[in-house]
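**Student:** Questions regarding the structure given below will be posed in turn.
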Amino acid sequence: MIDLHYWPTPNGHKVTMFLEEAGLPYTIHPVDIGKGAQFEPAFLKIAPNNRMPAIVDREPADGGAPVSLFESGAILLYLAEKTGRFLPADLRGRAETLQWLFWQMGGLGPMLGQNHHFSQYAPEKIPYAIERYVKETNRLYGVLDRRLADRAFVAGADYTIADMAAYPWIVPWEKQGQRLDDHPNLKRWFEAIAERPATKAAYAKAAEANPNHGQPMSEDAKKVMFGQTAANTKR
Ligand SMILES: N[C@@H](CCC(=O)N[C@@H](CS)C(=O)NCC(=O)O)C(=O)O
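Shown next, in the form of structure tokens:
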């Protein structure tokens, strides 16, 4: 059994997408990041970066003590190795998949996260910051679109953890100031993943974990989420 510490955000959806695809049993432990649950001592023991998602695998493959992990990319890789699924076994397929997984973790996720911040959440609308991240988002969409011109999925013919990492970040494309019609290969890939039963099952978990999912972020939540420093997050 996997304990999944989760809140329905793009990084959270990555893990439910994997667990639903693989059919691994899991229990969701909601981490209400708008209310400060990411600072609870028990959660910080698993996820010292005070960010979700995190998992605890109570039945690791070596039969030893439970394994706890934070960082969605590390979690996807761990689960792929545990199940032998969604990560090609051959040297080249594995390298391609990890390359695009790291691209998502180091580029697509952080840049689109800043797009969300300055376009939707920042108390002031700063045109330079909005334009910078909307344009960078657009550049990254172009990279993905070109990559998908001659293959079904990011790493090749098969659906992998690299796709699961990227897809949830494309879901809010309208809020990111983008048009999928400008990126036909990306659009085809996006629609194919959206149609997968496991994707639908994963996204159905959002409202189960957070009945207010989809509502605008409250002012109280913004106070918890933004303006964190070393001093005020010390526990
Ligand atoms: N690189 C991390 C990022 C995780 C992350 O930023 N999670 C956000 C939600 S998407 C979070 O927990 N935020 C809580 C906070 O800002 O305090 C990962 O991919 O797991």
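Using UniProt numbering, read the sequence shown as starting at 1 and increasing by one per residue.
Note that beta-carbon positions come from the ideal geometry of N, C-alpha and C, so glycine has one too.
1. Which class does residue 26 belong to by DSSP, given the choice of helix, strand or coil?
2. Using only the alpha-carbon positions, how far apart do residue 119 and residue 127 sit?
3. Where does residue 55 fall in DSSP's three states?
4. Verify the contact flag: residue 106, CB atom, against every heavy atom of ligand 1, threshold strictly below 7 Å.
5. Are the Cβ atoms of residue 185 and residue 221 separated by less than 8 Å?
6. With hydrogens ignored, establish whether the beta-carbon of residue 72 is closer than 7 Å to any heavy atom of ligand 1.
7. Which value, in whole angstroms, describes the spacing of the CA atoms of residue 196 and residue 14?
8. If you compare alpha carbons, which of 218, 229 and 230 is closest to residue 35?
9. Cβ of residue 16 within 8 Å of Cβ of residue 202?
10. Looking only at its chain, what residues have a beta carbon closer than 6 Å to the beta carbon of residue 190, apart from the 5 residues adjacent to it on each side?
11. Heavy atom of ligand 1 less than 7 Å from the Cβ of residue 84, yes or no?
12. Based on DSSP bridge pairs, tell me the residues matched to residue 156.
13. Tell me whether residue 235, by its Cβ, gets closer than 7 Å to a heavy atom of ligand 1.
14. Look at the Cβ atom of residue 43, then the Cβ atom of residue 86, and state whether they are nearer than 8 Å.
15. So is residue 141 buried or exposed if we call it buried at 16+ other beta carbons inside 10 Å?
16. Which residue from 194, 73 and 56 puts its Cα closest to that of residue 65?
17. The beta strand (DSSP E) with residue 2 in it runs from where to where?
**Tutor:** On the basis of the coordinates in this document:
1. In the sequence shown, the residue the question calls residue 26 occupies position 26. Residue 26 falls in the strand class under three-state DSSP.
2. Here residue 119 refers to the residue found at position 119 of the sequence shown. Here residue 127 refers to the residue found at position 127 of the sequence shown. Straight across, the Cα-Cα distance linking residue 119 with residue 127 is about 9 Å.
3. For the purposes of this step, residue 55 is identified with residue 55 of the sequence shown, where counting begins at 1. Assignment of residue 55 by DSSP, reduced to helix, strand and coil, places it in the strand class.
4. Numbered from its first residue, the sequence shown carries residue 106 at position 106. Incorrect: residue 106 has no Cβ contact closer than 7 Å to ligand 1.
5. Translated into positions along the sequence shown, residue 185 becomes position 185. Translated into positions along the sequence shown, residue 221 becomes position 221. No. Outside cutoff.
6. Here residue 72 refers to the residue found at position 72 of the sequence shown. Yes, ligand 1 has a heavy atom inside 7 Å of this Cβ.
7. Reading the sequence shown from its first residue, position 196 is the one you call residue 196. Reading the sequence shown from its first residue, position 14 is the one you call residue 14. Within the model, the alpha-carbon separation for residue 196 versus residue 14 is close to 14 Å.
8. Position 35 of the sequence shown, counted from the first residue, corresponds to residue 35. For residue 35, the nearest C-alpha among the options comes from 218.
9. Locating residue 16 in the sequence shown gives position 16, counting from the first residue. Locating residue 202 in the sequence shown gives position 202, counting from the first residue. Using a Cβ distance threshold of 8 Å, residue 16 and residue 202 count as a contacting pair.
10. Position 190 of the sequence shown holds residue 190. Residues 170 of the same chain have their beta carbon placed closer than 6 Å to that of residue 190, with the five preceding and five following residues left out of the count.
11. Here residue 84 refers to the residue found at position 84 of the sequence shown. No, since every heavy atom of ligand 1 falls outside the 7 Å radius drawn around the Cβ of residue 84.
12. As a position in the sequence shown, residue 156 is number 156, starting the count at 1. Its beta-bridge partners are 153.
13. As a working note, residue 235 is residue 235 in the sequence shown. No; taking the cut-off as 7 Å, the Cβ of residue 235 has no heavy atom of ligand 1 nearer than that.
14. Within the sequence shown, numbered from 1, the residue matching residue 43 stands at position 43. Within the sequence shown, numbered from 1, the residue matching residue 86 stands at position 86. Not closer than 8 Å, so no.
15. Here residue 141 refers to the residue found at position 141 when the sequence shown is read from its first residue. Of the other Cβ atoms in all chains shown, 16 or more fall within 10 Å of the Cβ of residue 141; this residue is therefore buried.
16. Taking the sequence shown and counting its residues from 1, one reaches residue 65 at position 65. For the residues 194, 73 and 56, the minimum Cα distance to residue 65 belongs to 56.
17. Taking the first residue of the sequence shown as 1, we reach residue 2 at position 2. First-last of the beta strand (DSSP E) with residue 2: 2-6.
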